[in-house]
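Using the numbering used here, you'd call the opening residue of the sequence shown number 2 and step up by one each time.
The structure under discussion appears below in the form of structure tokens.
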Amino acid sequence: MPAATVEFPPRNNCRRGNNCLIHLHSASGHAYVLRHIIPFNSFEFPDGIPRFRVIENHQETYQTKIEILASHLMNLKQNAQILDGELYERALVVLPAILRNRGCHSDISLAAYLAGFNALVFLDRAVIASYNHSMSSTEPKKYFIFELGDGILEISLLTPLLQVRSSITGTSCPLYDVLIYVLRNTIGIEISGDWLAMVVLRMACELAKDDLCSGETTTVLYFFHGNKSVSFFLTREELVMLNLRLLRVCIRRCLMLGRAGQGDVDEVILAGDSTDIPEIRRVIRDFFPHQTIRFDTDIEDCAAQVADRLSSDTRPFLPLVDICNMGDFFFY
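Quick look at the structure:
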């Protein structure tokens, strides 16, 4: 029997693609929701391989995660070949650290082979962001990479050899974490282990953030569990403070995991559209008051330059940056 499914309401679009001060963590928070709901949308087949229900050519089909990714890569390849007039058989695959940590390279390699690629080079987004700066530097440096925008929230510390020393990504929603604590310790409602209740609460958090992002200064979050109903009064200021505190915690944790102090960082690189938010830049500057800070680094531009360096006249490399959009299928 197919498992239960949950329909997500349409999300309001803020001008930063859900990476404003209200949706700060939703860059990873939305993926966090999907990672927990996708297992209940999968279907077990007689061969023991789970498949997902997808619509292809206006018809409903069931595909494995490898087949879904192969189809995605094939579309990217065909579109690039039409646009560039090149025959792409090699690819530079740029991944967020959370995918590298989960060991999905073999799955991506198999899907790429099915899509017609015969050679892949894997690089982390943080390494791509620092590559051009390191090439122009006359001495080795330790880079601190902060990327926020376009569905990504990732903080990384790199060694002078451009190896990822530590990385923080895929954080959960701080509003959700606070509400779980309040429900358990103040109201006496325990929903841990109740996947449907947890998903409903996450959805309620996202709806509340959408309200505050649309210009409202206050909103009310409603949550129903069994025969109990609970309402929480939220303000925009409170949520901004929660999100900025999350940033500070993530920066400290990244440095701690990398066994580095703030003074050990030589250069800070900001990537993503949302890093131009003044409050975010203020947090970065408070941590690194004496370091050089590089602003407005574009990951796609950097990946294109690295792909050009890897390419030859007859063997061009296709930079695949937005493959992370399919990353939810590789967290299990």
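Virtual Cβ for every residue (Gly too), placed ideally from N, Cα, C.
Cutoff 8 Å; reference residue i; Cβ partners in own chain excluding five residues on either side
i, result
"Thr293", "Asp267, Glu268, Val269"
"Ile56", "Thr62"
"Phe46", "Arg52, Tyr63"
"Asp212", "Thr220"
"Ser43", "Ala4, Pro51, Arg52, Phe53"
Check whether residue i and residue j have beta carbons under 8 Å apart
i, j, result
"Gly273", "Leu158", "no"
"Leu243", "Thr220", "no"
"Ile192", "Met199", "yes"
"Asp108", "Ile83", "no"
"Ala127", "Ser168", "yes"
"Ala98", "Thr172", "no"
"Ile300", "Ile129", "yes"
"His134", "Arg295", "yes"
"Lys142", "Gly117", "no"
Cβ distance (whole Å) where residue i is taken to contact residue j below 8 Å
i, j, result
"Ala209", "Phe224", "Actually they do not touch by this definition, with Cβ atoms about 10 Å apart."
"Leu124", "Val95", "6 Å"
"Ile153", "Cys255", "About 15 Å separates the two Cβ atoms, so there is no contact after all."
"Arg237", "Thr218", "5 Å"
"Phe233", "Leu180", "7 Å"
C-alpha gap between residue i and residue j, whole angstroms
i, j, result
"Leu240", "Leu176", "7 Å"
"Phe53", "Asn228", "33 Å"
"Cys303", "Ser110", "22 Å"
"Asp265", "Val165", "15 Å"
"Asp178", "Asn186", "12 Å"
"Val231", "Ile50", "40 Å"
"Ile69", "Ala120", "20 Å"
"Asn14", "Leu22", "Interpretation of Asn14 is limited by its pLDDT of 45, a score under 50 that renders its predicted location unreliable; no figure is taken from the coordinates."
"Met75", "Pro320", "13 Å"
"Ser72", "Phe288", "43 Å"
"Cys174", "Thr315", "47 Å"
"Asp277", "His291", "19 Å"
"Ile188", "His226", "12 Å"
"Glu207", "Leu184", "18 Å"
"Thr139", "Arg282", "27 Å"
"Met136", "Gly262", "24 Å"
"Leu222", "Asp195", "19 Å"
"Ala81", "Asp297", "25 Å"
"Thr65", "Met257", "38 Å"
"Pro161", "Arg253", "20 Å"
"Tyr182", "Gly216", "27 Å"
"Asn58", "Glu87", "26 Å"
"Leu100", "Gln60", "30 Å"
7 Å CB neighbourhood of residue i in its chain, flanking five on each side removed
i, result
"Ser131", "Tyr144, Ile146, Leu159, Leu163, Ile270"
"Ser312", "Phe318"
"Cys251", "Ile156, Ile169, Thr172"
"Val284", "Leu245, Leu248, Arg249"
"Phe9", "Low confidence applies to Phe9: its pLDDT is 32, below 50, so where it sits in the model is not reliable enough to give any reading."
Contacting residues, own chain, Cβ-Cβ under 6 Å from residue i (five flanking each side not counted)
i, result
"Pro40", "Its pLDDT being 46, under 50, Pro40 is placed unreliably by the model, and the measurement read from it follows with that caveat. Excluding sequence neighbours, Pro40 sits near nothing in its chain."
"Leu25", "Asn244"
"Pro279", "none"
Any C-beta of chain E under 8 Å from that of residue i
i, result
"Arg246", "In the structure shown, chain E cannot be found, because there is only a single protein chain."
Evaluate contact between the segment 80-99 and the segment 301-317, counting only Cβ atoms and requiring at least three cross-stretch pairs below 8 Å.
yes
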